[in-house]
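In my numbering, the protein residues as written are 38 to 1017.
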């Protein structure tokens, strides 16, 4: 509101958990008339409960919900706070008197609470004393909250328009040039979407070249009449991206087919933009640094930004052989196609996107430009100031996010040198059309960059993981720590305490979700019991703990710690199906054909179990192997394990025959030093028969439960689907297989599975890792599986492609996944054990819950991977990898992306001549190799030594960690020559 020159009211903390800030209805009315976008943001603040951002704890009200962040004071409807309009009085004058009257009223009304209302205004309205200005407020509170000075500095930034004030560099009084096209109005967007001319989707920055991104949109029909199929369209260049940030919901317009092209063939980690800080007198430019040589025999542009080519700055391009059909011209797509107004086009006519490589039809993608931002996905971002920060910069600095897919951010701070070398948390404020970079302000310091705690905090904050302790209201719902199963719990439950049940888990597991049993029941049939912790017996729908667990969504597993979805007294004790104690369970009893493993029947019920053993995968495997060697089980648990292993093999064979895929991803195990929690080694995770055994029965139970809840609740069942990949998504896999001399059939999951198995058989002796590598590539070609409400999509889209299952859900891990808690409640309602909670009775509400869980699930995955990468980096920092085998995952014009299986890490070996020479530094006379030419047709990189590199090739690499303060200590991959 202050940005619009409008006043606002702020107040101190109120008793009884009431709102801490208030807004006047008069001000809200003025905001609505001034800016629809700001009005939407303000009304969101007034209607949403306060969250728990940045891992901070929050209070909750008596119903377990957090208090409102803001309250609306309807001052024009309160006697004593309203004044009549005078004859001929202008709207703004009347509004000013209404605000003053409201302040006087609140001062009297809040006096007994010792709360003083504060009217905030901007500019000259603050008066000579400035007591009501932002600056005065900052000076008043900066002692207790130093970071507020960042807001004061940020507020001094000039207004650049279209996207909010701030961010534009000072140009000595001259009007800054317009670098980006104006965003379309909301009205124009609605009309364009209805007409099918504009499309809405999420902007995702490319993995290797940050200058380009993709948006998945529905191109199957006009507007809402489409079939729902999503096609990836390419956004090439920062001008076409038009200030979109990774994760934003954007509105795009397709370019003419003549301007479509393929993905970038370069690895680019950063894009230059002047000095970046917006210094006095600096003219801001939009510099993509997109120069390429060798396209059609002519230069396609100057490599204006050295930073754009690689992290170290190679501006020299390799000889490049383009694909068939390459035009013999140097034309790039003009920026005019990205501009929505003539003035915008004229102002930025020389700043085009990366040059378009004319490629064969199979590699050409639809290209588009961003014409509006439907919804910003801005959140607090972690990073550090640029390593070049110095006192000479004054109060202007450049923030480098740890996530390289994000743009650098201009900041102004009066504590610039204090912040240098620290991990920081920043909020983006604006990105006007006249600035090459967005502007923002620092809100928190996390610690020294590079330290374990600061980097772990960065990971958690980047993924918005809630690390706050559980609220007192949530903890009050827990049973006492000495709770035990009593005879009363047996009422309405199966008593399975005499059955030979055992759990099999990774070493050190305390949150044991599941346990199994096997027994023969005659008639050529066997019974397998899948027993799952009955979490819902301890958590009532809608209680404070249920609300907090739902917000967390999942347990987050890092290398050295975990952030739990449920309090430890439940997850590690009372719910955990540990050995030799009675526990409450929700059981699925599966009847299987003993000969084929086919599931004949499934019944579900609550139970009481007494697990006879809590085993690790290794211990269970040892018992199975010993029993087989003896020819007989030693006890009932051994007998159960033997039966489970035999039936699991049959289940797996049946799944594979039906078209289920065996996919892969690098999975590592870390060895920690007990006292310091420091990683001492990393190894590839070992998969035993018992791993697959447990997996098969979890899958079988999940499929059976999915069928049951969908049959009973066809519109609100919470299911999980894995979309069938579009044909073009498999292009990287097909190219990789072809490079290794193999052909894959991707027409169905069954054909793909058979093709991958054929590669495994053919390469078992010559290259045993090839099959795994192709499965890793195949996994990355596919979309992630997601939760959804059954009523939200057509039944034809229920398919779980990877499992070849027409319907699927998650039932087996309620201690660590909130989705499973919901499924338990659905299943209980199906079999008459409990009514369906009202919150689960609407498909729309279920879909919103599914989307929130999907978000938290993805965040937990990213956090886990980032933690593994961090600890691996710290290990390599202590002991560099001098010579290790790597596999080429992708060939690019200026280097190769390499996977090092021994450590499960990936990186780019930059092979531009200047890159190689700079990295070699003082290494001595050791031979070095650099790119001589790049064959786009055959996807081959030829080095100056005559050596050729293709996808899936085995290479030798060194891996070291170089200390830099910008994003994080940088892991540098270097290709070793064949003579080294």
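Backbone N, C-alpha and C fix where the C-beta goes; we use that ideal spot for every residue, glycine too.
{"Item": "Tell me which residue opens and which closes the alpha helix (DSSP H) that residue 459 is part of.", "Value": "No alpha helix (DSSP H) holds residue 459; the beta strand (DSSP E) holding it covers 459-467."}
{"Item": "Taking a contact to mean a Cβ-Cβ separation below 9 Å, would you say residue 467 touches residue 289 in this structure?", "Value": "no"}
{"Item": "Quick one: any contact between the region 774-787 and the region 727-747, if contact means 3 or more CB pairs under 8 Å?", "Value": "no"}
{"Item": "Alpha carbon to alpha carbon, how far is residue 156 from residue 140?", "Value": "7 Å"}
{"Item": "How far does the alpha helix (DSSP H) with residue 787 in it reach, from first residue to last?", "Value": "786-799"}
{"Item": "Does residue 968 come within less than 9 Å of chain C when only Cβ atoms are used?", "Value": "The chain inventory of the structure shown lacks chain C, comprising one protein chain alone."}
{"Item": "Counting Cβ pairs closer than 8 Å, one from the region 798-810 and one from the region 854-873, do we hit at least three?", "Value": "no"}
{"Item": "Pull the bridge partners of residue 636 from the DSSP assignment, please.", "Value": "629"}
{"Item": "With DSSP collapsed to three states, give me the class of residue 244.", "Value": "coil"}
{"Item": "Could you compute how far the alpha carbon of residue 474 sits from the alpha carbon of residue 253?", "Value": "25 Å"}
{"Item": "Where does the unbroken alpha helix (DSSP H) through residue 136 begin, and where does it stop?", "Value": "128-147"}
{"Item": "Can you check which of these residues, 419, 969 and 464, is closest to residue 458 by C-alpha distance?", "Value": "419"}
{"Item": "Can you tell me whether residue 615 is helix, strand or coil according to DSSP?", "Value": "coil"}
{"Item": "Between residue 119 and residue 59, what straight-line distance do the alpha-carbon atoms span, to the nearest angstrom?", "Value": "17 Å"}
{"Item": "Taking the alpha carbon of residue 855 as the reference point, which residue from 135, 428, 592 and 452 has its own alpha carbon closest?", "Value": "592"}
{"Item": "For residue 404, report the span of its alpha helix (DSSP H) as first-last.", "Value": "Run containing residue 404: none; DSSP gives neither H nor E here."}
{"Item": "Given residue 264, which residues of its chain have a CB within under 6 Å of its CB, disregarding the five upstream and five downstream residues?", "Value": "Its pLDDT being 43, under 50, residue 264 is placed unreliably in this model, and the value from its coordinates should be taken loosely. Around residue 264: 257."}
{"Item": "What did DSSP end up calling residue 477 once you bin it into helix, strand or coil?", "Value": "strand"}
{"Item": "Taking the alpha carbon of residue 482 as the point to measure from, which residue in 470, 302 and 495 has its own alpha carbon closest?", "Value": "495"}
{"Item": "Looking at the strands, I want to know which residues DSSP matches up with residue 250.", "Value": "242 and 272"}
{"Item": "If you count every other CB in all the chains shown that lies within 10 Å of the CB of residue 242, and 16 or more means buried, which is it?", "Value": "buried"}
{"Item": "Would you mind working out which of 133, 599, 997 and 788 sits nearest residue 919, comparing C-alpha positions?", "Value": "997"}
{"Item": "Kindly indicate which three-state DSSP category residue 92 falls into: helix, strand or coil?", "Value": "With a pLDDT of only 34 at residue 92, under 50, the local geometry of the prediction cannot be trusted, and no value is derived from it."}
{"Item": "So, at 7 Å on beta carbons, what are the nonlocal neighbours of residue 747 in its own chain, with the 5 sequence-adjacent residues on each side left out?", "Value": "754, 756, 827 and 844"}
{"Item": "For residue 229, does the three-state DSSP call read helix, strand or coil?", "Value": "helix"}
{"Item": "Using the Cβ count rule (16 or more neighbours within 10 Å means buried), how would you classify residue 705?", "Value": "buried"}
{"Item": "Identify whether residue 533 lies in helix, strand or coil by the three-state DSSP scheme.", "Value": "strand"}
{"Item": "Compare the beta carbon distance of residue 216 and residue 470 with 9 Å and say whether it is the shorter of the two.", "Value": "yes"}
{"Item": "Using a Cβ distance threshold of 8 Å, determine whether the region 212-229 contacts the region 276-292, with at least three qualifying pairs required.", "Value": "yes"}
{"Item": "Which residues in the same chain have their Cβ closer than 6 Å to the Cβ of residue 990, if we skip the five residues on either side of it in sequence?", "Value": "925"}
{"Item": "So, with DSSP's three-state summary, where would you put residue 758?", "Value": "strand"}
{"Item": "Once the 5 residues before and after residue 465 are set aside, which same chain residues still bring their CB inside 8 Å of it?", "Value": "282, 415, 418, 446, 475, 476 and 477"}
{"Item": "Residue 826 by DSSP, collapsed to three states: which one?", "Value": "strand"}
{"Item": "Could you pull out every residue in the same chain whose Cβ sits closer than 7 Å to the Cβ of residue 670, ignoring the five residues on either side in sequence?", "Value": "664, 676 and 679"}
{"Item": "What's the C-alpha gap between residue 213 and residue 430?", "Value": "20 Å"}
{"Item": "Hey, quick one: how far does the alpha helix (DSSP H) through residue 510 stretch, first residue to last?", "Value": "509-512"}
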